[in-house]
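See below for the structure under consideration.
Chains as they are written, first to last, in this note's numbering: chain A, 1 to 282; chain B, 1001 to 1282.
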């Protein structure tokens, strides 16, 4: 049996095979690491392999260990402790899929929104139109889960051209809990700035997608222009925030799924980190 | 039956009752919130209540829901998304205890250390004695778990006088993974600064505890003095870091279990957030 088709299984196992997939990943991670240059685009997918239920029970103990390791990895990712990473760990493919397609992700998103709303309500606004809240877009207001479902939920190296095709469809669904926060901060009297790593040439599709998803009345939509090419997100977003501050805005809140949305200079009084275990942007 | 003794059960249920405890907490959380002024010091502990095993199985589904909710709470705490909090949620008492006394906490601590070591090795040091790494002490180099084991792992409101008695024993055990990082950064040529919220009057017991735990050769141990009274940890630590920067130090790494160790001004090039679901210091 060739090693390569065996590996394709890791990327796209069937939902009913879920827990078993975890264990198999553990056992043959050495094979995975021996094929670092593997290109998942070259093979047909999904490739589904069926195993008897008895095997599942025998492997339960290591299943728990993998759950522990992948939860720990997710914590390290969310607290910005990990050194820059390009793909999720292959052994955590099933874990990440389960999390983002299950209730875990929704519960986490709702909690961030709830805490941000409580903070927003507690802030004493000056009311001169200079109280501002910044939102990132992807994985903050809009979800690209349909795209990542086709790309192993972060298991594949990011492909900008493929992602652009998805963005141009303007079909990214709303993140409901973020829409609730968004509407609340507008209602409270904040100016809302949308600050995204998307390119200026995607302005119209982005507006279309945002409106379809229920977002409206933002003050400014800021996208990357040609001069921002090659800049890290942290630098690009810091520069744009500095401009806001120079224009007299007080950045009271900032919501983003990446630490590069939140760190750097001219940071907000309080930042809210939305969950995203699928990718990392420096 | 009085409500109060029932409540004491939440704080100190028996390990074998662990999962069941979770569920019971859920069901009577309304009672808990009705007694916000309850003082756990007034009652004898632990109070152990036994239940039949059959009940445990019936409640399995909501057990998973509670696990999800408490994991979500922990994520929100670790990513600094929560509004300031004084105690852990009572329904997550068992969850937090299980985490900090089990493998989860150790795995998370080891991962932070491993990532920090990889970063430290990747840094190009100038080598003029001005390359610096800052460590917090409590829950970063030394563990106060024995103290928190006696205080519900964060379920009791922090009692400074009680905690001081513990500090004065100089018995806090080492966090092994942090000692490994500590020794590595010294070996690489970093200057090490210990920056702690502990009081100047605890200098000698702190030195004794640190030495017993295996730490040595730090450059400076900085404790709160009288002038720092009333300052938030974020401000106090920012001021001390600013002094280092003014003295020409380049703060390349910073390890702490609180975001107030890591945020503010004169922040380090990279920060490492150690896990701590037991308490929050602004």
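Using N, Cα and C, we set each Cβ at its ideal position, and we do this for glycine too.
Remember, it's a predicted structure, so these values are computed and weren't measured experimentally.
Separation of residue j from residue i, as counted between CA atoms
i: residue 86(A); j: residue 156(A); result: 8 Å
i: residue 71(A); j: residue 265(A); result: 31 Å
i: residue 1268(B); j: residue 1062(B); result: 43 Å
i: residue 1090(B); j: residue 1238(B); result: 33 Å
i: residue 1262(B); j: residue 1232(B); result: 13 Å
i: residue 180(A); j: residue 113(A); result: 8 Å
i: residue 75(A); j: residue 1075(B); result: 7 Å
i: residue 215(A); j: residue 1201(B); result: 55 Å
i: residue 83(A); j: residue 1119(B); result: 7 Å
i: residue 199(A); j: residue 223(A); result: 5 Å
i: residue 1272(B); j: residue 161(A); result: 34 Å
i: residue 154(A); j: residue 163(A); result: 12 Å
i: residue 1117(B); j: residue 1143(B); result: 20 Å
i: residue 191(A); j: residue 129(A); result: 7 Å
i: residue 39(A); j: residue 88(A); result: At residue 39(A) the pLDDT is 39, less than 50, meaning the model places this residue with poor confidence; the figure from the coordinates comes in the next sentence. Rounded to the nearest angstrom, the two C-alpha atoms are 15 Å apart.
i: residue 1270(B); j: residue 278(A); result: 22 Å
i: residue 1115(B); j: residue 1126(B); result: 21 Å
i: residue 1145(B); j: residue 1109(B); result: 14 Å
i: residue 65(A); j: residue 1101(B); result: 16 Å
i: residue 195(A); j: residue 240(A); result: 8 Å
i: residue 1078(B); j: residue 1236(B); result: 21 Å
i: residue 1226(B); j: residue 1197(B); result: 12 Å
i: residue 1210(B); j: residue 1276(B); result: 20 Å
i: residue 1247(B); j: residue 221(A); result: 42 Å
i: residue 1234(B); j: residue 1260(B); result: 4 Å
i: residue 1093(B); j: residue 1249(B); result: 42 Å
i: residue 1158(B); j: residue 242(A); result: 39 Å
i: residue 228(A); j: residue 1228(B); result: 42 Å
i: residue 1165(B); j: residue 166(A); result: 60 Å
Element boundaries [alpha helix (DSSP H), containing residue i]
i: residue 1206(B); result: 1203-1212
i: residue 234(A); result: 233-246
i: residue 1191(B); result: That residue, residue 1191(B), is in no alpha helix (DSSP H); its beta strand (DSSP E) goes 1191-1199.
i: residue 1188(B); result: 1176-1188
i: residue 262(A); result: 259-262
i: residue 1145(B); result: 1145-1149
First through last residue of the beta strand (DSSP E) which encompasses residue i
i: residue 1309(B); result: Outside the shown range of chain B (1001 to 1282) lies residue 1309(B), about which nothing can therefore be said.
i: residue 1272(B); result: 1270-1273
i: residue 117(A); result: Premise fails: residue 117(A) lies in the alpha helix (DSSP H), 103-122, not in any beta strand (DSSP E).
i: residue 170(A); result: From DSSP, residue 170(A) is part of no beta strand (DSSP E); its letter is neither H nor E.
i: residue 131(A); result: 131-135
i: residue 86(A); result: Note, residue 86(A): premise wrong, no beta strand (DSSP E); not H, not E.
i: residue 1222(B); result: 1220-1224
Residue closest to residue i, alpha-carbon to alpha-carbon, out of the options
i: residue 1217(B); options: 1114(B), 1193(B), 1067(B); result: 1193(B)
i: residue 1081(B); options: 226(A), 161(A), 274(A); result: 274(A)
i: residue 1107(B); options: 1177(B), 1092(B), 1144(B), 1154(B); result: 1177(B)
i: residue 68(A); options: 1069(B), 1065(B), 1073(B), 1111(B); result: 1111(B)
i: residue 121(A); options: 189(A), 66(A), 78(A), 109(A); result: 189(A)
i: residue 123(A); options: 282(A), 252(A), 235(A); result: 252(A)
i: residue 1230(B); options: 1241(B), 1281(B), 1213(B); result: 1281(B)
i: residue 1219(B); options: 1244(B), 1234(B), 1227(B); result: 1244(B)
i: residue 104(A); options: 1105(B), 1103(B), 1092(B), 1073(B); result: 1073(B)
i: residue 213(A); options: 175(A), 248(A), 227(A); result: 175(A)
Contacts that residue i makes with chain C (C-beta to C-beta distance below 8 Å)
i: residue 280(A); result: Of the protein chains in the structure, A and B, none is chain C.
Please determine if the region 128-136 of chain A and the region 178-198 of chain A are in contact, where contact requires at least 3 C-beta pairs separated by less than 8 Å. yes
Members of the region 1203-1231 of chain B near chain A, C-beta cut-off 9 Å: Sequence-ordered contacts of the region 1203-1231 of chain B with chain A are nonexistent [C-beta pairs closer than 9 Å].
Inter-stretch contact at 8 Å, needing at least 3 Cβ pairs: the region 1160-1175 of chain B / the region 1199-1217 of chain B: yes
Inter-stretch contact at 8 Å, needing at least 3 Cβ pairs: the region 1253-1265 of chain B / the region 1134-1149 of chain B: Cβ pair count under 8 Å is three or more, so yes.
State whether the region 147-155 of chain A contacts the region 90-97 of chain A, with contact taken as three or more CB pairs (one from each stretch) at a distance under 8 Å. Of all C-beta pairs linking the region 147-155 of chain A to the region 90-97 of chain A, three or more are shorter than 8 Å, placing the two stretches in contact.
Members of the region 1064-1076 of chain B that neighbour chain A once the beta carbon cut-off is set at 9 Å: 1065, 1068, 1069, 1071, 1072, 1073, 1074, 1075, 1076
Output needed in chain order: residues of the region 79-103 of chain A with a Cβ under 8 Å from some Cβ in chain B. 79, 80, 81, 82, 83, 103
Please name the residues in the region 133-158 of chain A whose beta-carbon is closer than 9 Å to at least one beta-carbon of chain B, in chain order. none
Short-range partners of chain A found in the region 1265-1278 of chain B, where Cβ spacing is below 8 Å: 1271, 1272, 1273, 1275
Scan the region 170-185 of chain A for residues whose Cβ lies nearer than 8 Å to a Cβ of chain B and list them as they occur along the chain. none
Output, in sequence order along the chain, the residues in the region 110-127 of chain A whose CB is closer than 7 Å to any CB in chain B. Correct list: 111, 112, 115, 118, 119.
In the region 1233-1251 of chain B, which residues sit with their C-beta less than 8 Å from some C-beta in chain A, listed in chain order? none
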